[in-house]
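Some notes on the structure that comes next.
Shown next, in the form of structure tokens:
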């Protein structure tokens, strides 16, 4: 699309946006609003028909009314989240009022018992607080404003509060490798599912980047009012989530002016040091020589987070505003894999020997951002209400690791400069008390520049660490989105019918110079006395086992040379970035119908169906269509404990994994199909793979040295018995299916004590048609070998080819291709879990929450990563194992304790809060570190017949604390001072391990007393990455 056309499209979107805002009449989007319902009876239990019920927001004066039916039942839909006074009155009866808090997405129950008598002018308002939800069928948890404001969360990214809910954890989907695109946000795994299968909404608007598959930046903690974490929703208005949903609403203004100004401060002088800190070479016994000892560790951390909020009325009871600015300036030392730390001298010697810039570990990582949130709420008239919200984030990250921490050196770091803009408009019209329509529009644009910090070739010691640029990330992407949502709700007696749909248009432009300048993979060979690092001897001899490179001059892609001066640069030249660029347009849409039927005063049935479909340009993918029936049931026993039994069953479709598809056009897709059913999306560049014998002194030694001099290895005859051919990283089948989850749940909720709610749920999720890729050009097995698992059990394992003569692969499905990875939807996952959630709102100076998950998660490897593809693409059955996102037990407790406010100057206005997190070990794959099965690809080979994910990792234990005190400066202004500690006990929590075993089979136990499980690799089981040591944060907050 030309600049002119892009401008016209932007003008069209803006014009449409404004026209709809002016012409439409609607209230808040149903997914970001609440509903209250209930019965009005007299003191004998008889229904009072025609009673008038009104709900008035205590902060804004916003009010809605309804009239009770002949059976005394009423419902008021489309209410903004907040505190309300709900009143019921009828001639001949005394008026009654209750003060309640309505959470996001709630369907709260407020019943009235009116006594006979005259309506009183003075009405006693009963403070009910949180309301019961006997008709809610979803399995979910609300993270309210009190928790967001009072609990200590490291980094103050509010999305981390989702980890307080059961069934949610930090995702390790691509542990041991890299995501296609790394976003500097918390990746969440719901019910053991892939991190790319969630749906994150802000004010009801889609906040997922289709290019990365994870959420974009979100408003700061200060700008968020509350959010609901949905493990399983049987409402059909929610779509595109195989895993879970996080539904977020931002703050809005009220009739009173309120605001805050704050500063959060960190300094490493207050912190504990990391066991993976690098050293300052200038402080060593022999300056500049790390191996001389005595060096000072680099644990730098300087951080300032600061900002302000302001909200209030523009016109009282009618128009309100809220704004928030937050900035961060952070400087810190990166941490490194223990292998890198112990062998940095050898690594630097290698780099110096091949004439590329030498890695220095004493770099500083910058993490800066500025974001702005502005929101206006406006009551147009008694039937119509509107809000418009704008969000902007500018991020500037320097020396950021694109790999999972601990896998790369500074030459592989990236510099991230990004800009996020989004504007959302939401209107709702209450045509009648029983008919509500909701309309929402979003326009969003992202510019995500992820430039490499160097242009040193990617050189990897298989599965251990990398030198140079990372192959797995684009150099930049741009994404534009237009979203339209409309829902209509009609209440007819005991039925509440909902109809609606949504439409999303997304354009992604991506630059992905995948194998530029080239990539070389070296073996992990057994150590010798002179070269104790597994693989260093192979590296020092310039003798890789696999080389991959990229050419840009279409259509022949036969340029013989490139300028080796590129190795000295600090990023790719613009000519390369532009040459490896492609654009894809993409739409996804959905329609739903639903009936929420209150069959009896105790039983609610939620029945509906949703259909979703995706469209891509002609020849890319076939149009994807899905139909999702869903059924949810809630049965209230009607006791004073508010006992509710819930059950549900449904299908939940996601979207095709666009992160893989987005790279196909720039570089990943190759120039030809392998099979007719594959798509027609050729890439604009051409990749090549070159493989040879794994014996030292192999043929790739000459090819590697030629590449260092800027010459492509063009004549395979000179490298016999090597093999070189086009390499296709990923090409989709046209009939790639949409992923979906089959979810069912059964839960019990009740109130064991006043202000306390306990929910116990069983949740099962079965993921179907999950996407990844495999080598469709894998040769037929040439034989098999007898090997073992770590328990000593024996079995046969397929072996493949040894490089032959000339430019063909003997026995390959197509000898004109090297590895050809085809993206398909044949993967699956299984999750079974017990979810327990106990919450007490803050009353009588105490509030707490406890969540516990006991679960098991299995899959067959639906992870879009080189390292995680099947080791034998002809035998998917051996891939079933524990999921990378499996954690058998997870417990999170939080509590807030408040001192009195009017006792004396010493004890007044103190607050103590804590989060305690405990999680059982994750599991990782035991790699050989070389091409043990001889299929020409050395990064995915496992030891013996060992399944995936059998290396037991470390448990996680952390205690976070906050102590604060508030000082009253004037009647209006207060100053709060606080101190927070994260990982207070300074527990060493290992996140990732080095799991390269270094042999094709398990050595019998007892042959070595030195290495774990008899591994010949001294680095096996050592630490690759850890979570943060103890860190302290201090802050001041001025509020009014």
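In my numbering, the protein residues as written are 7 to 1046.
Idealized CB from N, CA, C, for every residue including glycine.
If you look at residue 583, you'll find it in the alpha helix (DSSP H) that goes 580-585.
Residue 351 counts as exposed, since fewer than 16 other C-beta atoms from the protein chains shown sit within 10 angstroms of its C-beta. Put simply, the backbone Cα of residue 189 is about 58 Å away from that of residue 52. Pairing residue 746 with residue 730, the inter-Cα distance amounts to about 39 Å.
According to the DSSP secondary-structure assignment, residue 338 is paired through a beta bridge with 307, 371.
With fewer than 16 neighbouring CB atoms inside 10 Å of its own CB, residue 790 falls in the exposed class.
Excluding five sequence positions before and after residue 953, the CB atoms of its chain that fall closer than 6 Å to its own CB belong to 887, given in chain order. Contact annotation: residue 237 and residue 219 have beta-carbon atoms that are not nearer than 8 Å. Just so you know, the alpha carbons of residue 504 and residue 601 end up roughly 6 Å apart.
Secondary structure in the region 789-874: the beta strand (DSSP E) runs of 3 residues or longer, each lying completely within the stretch, are 789-794, 800-805, 826-849, 852-865 in chain order. Around the beta carbon of residue 983, fewer than 16 other beta carbons sit within 10 angstroms, so the residue counts as exposed. At a cut-off of 3 residues, the continuous stretches assigned as beta strand (DSSP E) that sit fully inside the region 193-236 are 194-196, 205-208. Here residue 501 is exposed. Its C-beta has fewer than 16 other C-beta atoms within 10 Å.
If you check the CB distance, residue 246 and residue 634 do not come in under 8 Å. Pairing residue 1039 with residue 269, the inter-Cα distance amounts to about 10 Å.
Of the candidates 122, 919, 895, the residue whose Cα lies closest to the Cα of residue 852 is 919. By a beta-carbon distance limit of 8 Å, residue 353 contacts residue 473. Their separation comes to about 7 Å. When the beta-carbon positions are compared, residue 243 and residue 660 stay at least 8 Å from each other.
Partner residues in the beta bridge of residue 81, as assigned by DSSP, are 43. Distance from residue 734 to residue 827 at the Cβ level is roughly 6 Å; contact confirmed, criterion being Cβ atoms closer than 8 Å.
In this structure, the straight-line span from the alpha carbon of residue 360 to that of residue 465 is close to 12 Å. Taking residue 1041 as reference, the option from 612, 968, 1028, 1032 with the minimal CA-CA separation is 968. By the neighbour-count criterion, in which a residue is buried when 16 or more other Cβ atoms sit within 10 angstroms of its Cβ, residue 974 is exposed. Under the DSSP assignment, residue 152 falls in the alpha helix (DSSP H) whose first and last residues are 151-156. In this structure, the straight-line span from the alpha carbon of residue 910 to that of residue 971 is close to 13 Å. The Cβ neighbour count for residue 224, taken over all protein chains shown within 10 Å, is at least 16; the residue is labelled buried. When Cβ pairs closer than 8 Å are counted between the two stretches, the region 927-946 is seen to touch the region 996-1005, the count reaching three or more. According to the DSSP assignment, residue 401 belongs to no alpha helix (DSSP H) but to the beta strand (DSSP E) extending over 390-406. Residue nearest to residue 995 within the set 1008, 842, 1030 is 1030 (criterion: CA-CA distance). Counting the other CB atoms within 10 Å of its CB gives residue 802 a total below 16, which places it among the exposed residues.
With respect to residue 311, residue 283 sits apart: the two C-beta atoms are not nearer than 8 Å.
Residue 86 has its alpha-carbon roughly 21 Å from the corresponding atom of residue 145.
The region 643-657 and the region 249-267 do not touch, with fewer than 3 CB-CB distances between them shorter than 8 Å.
Assignment of residue 287 by DSSP, reduced to helix, strand and coil, places it in the helix class.
The continuous beta strand (DSSP E) containing residue 108 extends over residues 102-108.
Close CB contacts of residue 937 within its chain, under the 7 Å cut and outside five residues either way in sequence, are with 551, 700, 943, 944, 947 (chain order).
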